[in-house]
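Numbering (the working numbering), first residue to last: 38 to 456.
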């Protein structure tokens with residue numbers, strides 16, 4: 038079987054360009070357009086003739102570093118900022134403005150942190166997290182998922198040992214923020230807050246998956262994962278029935294889940310399989326390393342939990358199998374890992390698809406069919422143009438065999454019929 042996954046096609050070329058060359062900004066006309074929109078001279082006493090000295094320092098530093106794609110321009114801008122300690126507050130304020138602009142373009146805190154971590158260094162990640170936290174205090178009220186992303190921001194100070202290094206870090210980060218492409222907007226998931234019973238159910242699911250990840254016994258991991266999937270199925274159907282009886286109909290939402298290198302294609306296939314088994318649809322954005330999952334809120338939470346857990350289990354099983362292969366004299370680590378994860382995703386996908394076929398009785402089919410139509414409609418409105426890709430680069434027979442075995446051990450058995 039050849040697994041095919043859906044990829045966002047709109048602005049794909051632009052996103053590919055945005056993911057390259059982390060130390061270089063976008064072309065000058067693009068930056069000027071964004072800069073005008075942000076209103077860089079709106080601080081202090083107003084016009085270009087009456088700006089404060091600190092705003093003037095930041096402005097000159099930005100003109101040197103952000104409008105010039107050379108390292109010389111970066112050094113010039115950092116030197117200007119380092120020589121004027123009074124400019125720190127204004128520099129921070131500008132960073133918060135860049136983040137507010139990113140939110141308007143569809144980005145969320147986890148998206149920014151993920152990209153900064155991939156493109157730059159840990160110091161930039163800590164600075165980005167600090168700016169996001171500061172900006173959130175002046176931001177409008179957001180949904181629960183946004184709040185959870187704020188709580189998960191990396192901790193620690195972003196301070197460097199000297200002012201020049203601090204300024205360089207800030208300017209490199211701002212270069213990246215200035216050239217973020219627009220993303221499909223995700224609406225805040227404010228429709229129907231989960232009740233106490235739903236919260237308790239999700240806590241049980243998290244606990245089961247945590248035990249499955251921690252155990253060293255494959256049979257125990259299989260049993261725990263199977264029980265977690267059973268609870269997810271019951272939770273999903275309960276939520277569907279409650280929504281059908283509600284006076285105001287619920288509506289599907291969307292979330293983004295990171296699909297990080299290496300071997301990101303196999304991981305995207307695994308996420309696609311988990312999404313499909315839990316009444317959701319996924320679209321992979323390869324250049325920006327995430328998939329957008331569309332579905333109802335209870336199902337989105339189930340997808341996040343199960344995908345994360347299966348990925349942890351797959352990584353643990355791959356490390357164990359790889360060690361055994363090396364002990365036997367094999368050294369093709371990269372091809373082994375790629376084939377292992379591809380087989381794991383392929384096999385788990387088969388099992389989840391089989392489970393999805395028998396998860397409910399006939400009486401529940403109309404409710405689930407209505408929700409499926411709503412999910413498909415939301416997906417097509419968010420992504421009117423998509424393309425597909427095939428899982429490729431699988432060439433190690435031993436890796437494939439071991440990956441399939443690991444998927445069998447971590448299998449999520451067919452859900453019981455739900456009355």
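In this text, a Cβ means the ideal position worked out from N, Cα and C, and glycines have one as well.
If we count the other Cβ atoms within 10 Å of its Cβ and call it buried at 16 or more, is residue 189 buried or exposed?
With fewer than 16 Cβ atoms within 10 Å of its Cβ, residue 189 is classed as exposed.
Assign residue 251 to one of two classes, buried (16 or more other C-beta atoms within 10 Å of its C-beta) or exposed (fewer than that).
Classification of residue 251: exposed, given that the 10 Å Cβ count is below 16.
Does the region 355-369 come close enough to the region 331-344 to have 3 or more Cβ pairs within less than 8 Å?
Flag = no, the region 355-369 and the region 331-344 do not touch.
Check for me: the beta strand (DSSP E) holding residue 427 runs from which residue to which?
Element bounds for residue 427: 423-427.
Sort out for me which residues DSSP pairs residue 328 with in a bridge.
Beta-bridge pairing links residue 328 to 294 and 321.
Taking 6 Å as the limit between beta carbons, can you name the residues of its chain near residue 132, skipping five residues before and five after?
Correct list, in chain order: 168.
So does the region 156-163 actually touch the region 200-215, counting three or more Cβ pairs closer than 8 Å?
Yes, the region 156-163 is in contact with the region 200-215.
Does the CB of residue 202 have a neighbour CB from chain C at under 8 Å?
Looking for chain C here will not work: only one protein chain is present.
Start and end of the alpha helix (DSSP H) containing residue 182?
That run of the alpha helix (DSSP H) goes 181-188.
Since residue 545 and residue 224 are thought to touch, with beta carbons under 8 Å apart, how far apart are those beta carbons, to the nearest angstrom?
Nothing about residue 545 can be reported from this structure: the residues present for the chain run from 38 to 456 only.
I'd like the span of the alpha helix (DSSP H) that includes residue 110, first residue to last.
Start and end: 108-119.
Roughly how many whole angstroms lie between the Cα atoms of residue 137 and residue 150?
If you take the alpha carbons of residue 137 and residue 150, they lie about 14 Å apart.
Could you check whether residue 331 and residue 415 sit closer than 8 Å to each other, using their CB atoms as the reference points?
For residue 415 and residue 331, yes; Cβs fall inside 8 Å.
What's the call for residue 165, buried or exposed, on a 16-neighbour Cβ count within 10 Å?
Buried, by the Cβ-count rule.
The alpha helix (DSSP H) spanning residue 215 covers which residue range?
Start and end: 200-215.
Let me make sure I understand the geometry here. Which of 408, 216 and 440 has the alpha-carbon closest to that of residue 144?
Nearest C-alpha to residue 144: 216.
Would residue 194 be called buried (16 or more neighbouring beta carbons within 10 Å of its own) or exposed?
Looking at its Cβ environment, which holds fewer than 16 other Cβ atoms inside 10 Å, residue 194 is exposed.
Please say whether residue 114 and residue 458 have beta carbons closer to each other than 8 Å?
Lying before the first or after the last residue shown, residue 458 is absent from the chain, which here runs from 38 to 456.
Under the DSSP definition of a beta bridge, which residues are partnered with residue 43?
Partner(s): 425.
Give the straight-line distance between the Cα atoms of residue 102 and residue 174, rounded to the nearest whole angstrom.
Rounded to whole angstroms, residue 102 to residue 174 spans 28 Å at the Cα level.
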